[in-house]
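These notes are about the structure you will find just below.
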Amino acid sequence: MPKKTLRQKELARKGFEEREAKRQQNQGRGSGQVQEQNQQSGAGHGNMSRNKNRNFSGIGPSLPSKHGIRKRENDSGMSIVDSMQRRNWDGEIGLANTSYGRGPQNCIVTSAHTNKLEARTDRPDGNQIITTPQAALDTRQVIPTAETARPVFCAECGGSTHTMKDCITTVTGGIRGCIFCNNQNHVTDHCRQFTCLNLGERVKLLVTDRAGKPPIFTDTAWWVYLYRFLTVRHTMGQLIPDKFPWTMDFAREVYRGTRGKSIKEYQSDFDRTQSVGVLPRDWRMQSMNDVFTNFWDKEGKVWPERLDELPSLTDANTERTTSAQGTVNVDEPATAEVQRLRETVIRQAVQIGEKDREIERLKKENEDLKRMLA
């Protein structure tokens, strides 16, 4: 390495002295600023904010910056984190008292989220962070956040297309629990909403509204409420039910799939149509005589006198039609009477068929028992 000349050495030394003097000058100025900032940011001086003059470049990029998120300040001095994109929502914004009487009402979204992508906006949403105190806001804060509506499941069968009120899927032969609360913590007639009903409304709920469907299990059975309805004086003149719930045996047969379709198909059809016409008919429960035979007579109750005061079906429905010549046609039976007789014949045939099947089953069991003992 060639030796430096005297001129080169002098220039090098002069440059070193100038750089050293500038470095010391900068250090002195920096220490003065630090002391001034420490005095201004002390407790009670009205400035508790973060030191914006501090250099954070030496600690590497922050986690938000790695994901393309940056901070800015809006017109009200609020620091907001902007996301690159946000989810869109459709629906109306309604007022809700979120301050419990201590402040202004705030706007919230009352409809479900559509989960569609939307370009970045300047409006803060649920993913944006507000870093200033709420007292600094002089405008109403609108936060468009809404959660998807939670699905409601039937407490009896777990289905999501109906509640217990419209359920026919029961392995026990009846709906257990409360149809008002849609849970099985208590039975329906123990619910406060049920106790507020009068006797006529209770009969409508347990008998008329459950006609052609499995019964609702209550501590007091539905036919007991019906008997009270027919025997007390204050219900006279009210409409008497003429259709009734299934028997528990029939409901279990439908559940096992022995009545045509499977229980899932019947439940799906009923959920879609809301009509008992798509469900099988329990021919053992088609008239008040069937209620008496299956329940009241077995409990030692007598036939309600109010039912004897009703006009007979033939007298009430037979229509005497007069021809154009003035003659009266008395030979044509009423349509309602024919339908009633047809249903009676079908019901008796079903009962006979069930008895025959029961006899065959007992014979088979007897033969099996004989073979086992032989």
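The working numbering applies: residue 275 is where the sequence shown begins, and numbers increase by one.
Each residue gets a CB set at the ideal place from its N, CA and C atoms; glycine is no exception.
{"Item": "For residue 449, the three-state DSSP class (helix, strand or coil)", "Value": "strand"}
{"Item": "Beta-carbon contacts of residue 448 that lie in its chain and below 7 angstroms, excluding the five residues immediately before and after", "Value": "488, 489, 490, 491, 522, 525"}
{"Item": "Simplified DSSP assignment, three categories, for residue 456", "Value": "coil"}
{"Item": "First through last residue of the alpha helix (DSSP H) which encompasses residue 438", "Value": "From DSSP, residue 438 is part of no alpha helix (DSSP H); its letter is neither H nor E."}
{"Item": "Contained alpha helix (DSSP H) runs [length at least 4] in the segment 499-566, N- to C-terminal order", "Value": "522-530, 537-547, 562-565"}
{"Item": "Cβ neighbours of residue 590 in the same chain (closer than 7 angstroms, five flanking residues each side left out)", "Value": "Residue confidence is low: residue 590 scores 41 on pLDDT, short of 50, so the model does not pin down where it sits. No coordinate-derived value is stated."}
{"Item": "Minimum C-alpha distance to residue 530 - residue among 444, 646, 429", "Value": "444"}
{"Item": "Buried/exposed call for residue 288, threshold 16 Cβ in 10 Å", "Value": "exposed"}
{"Item": "Residues that DSSP places opposite residue 490 in a beta bridge", "Value": "449"}
{"Item": "Minimum C-alpha distance to residue 533 - residue among 544, 465, 553", "Value": "553"}
{"Item": "Residue 463, DSSP secondary structure in three states", "Value": "helix"}
{"Item": "Coarse secondary structure for residue 577, derived from DSSP in three states", "Value": "coil"}
{"Item": "Simplified DSSP assignment, three categories, for residue 472", "Value": "coil"}
{"Item": "Check whether residue 509 and residue 503 have beta carbons under 8 angstroms apart", "Value": "yes"}
{"Item": "Residue burial classification, residue 438 (beta-carbon count within 10 angstroms, cutoff 16)", "Value": "buried"}
{"Item": "Other residues of its chain near residue 436: CB distance less than 6 angstroms, five sequence neighbours each side excluded", "Value": "428, 545"}
{"Item": "For residue 645, three-class secondary structure by DSSP", "Value": "helix"}
{"Item": "Sequence-distant residues of the same chain with beta carbon closer than 8 angstroms to residue 571, five excluded per side", "Value": "none"}
{"Item": "Helix, strand or coil at residue 426 according to DSSP, with G and I counted as helix", "Value": "coil"}
{"Item": "Under the three-state DSSP convention, the category residue 278 falls into", "Value": "coil"}
{"Item": "Selected residue, minimal CA-CA separation from residue 457, among 426, 480, 501", "Value": "426"}
{"Item": "Three-way DSSP call (helix, strand, coil) for residue 495 in this model", "Value": "coil"}
{"Item": "C-beta atoms of residue 474 and residue 541 nearer than 8 angstroms", "Value": "no"}
{"Item": "Length of the line joining the Cα atoms of residue 513 and residue 535", "Value": "34 angstroms"}
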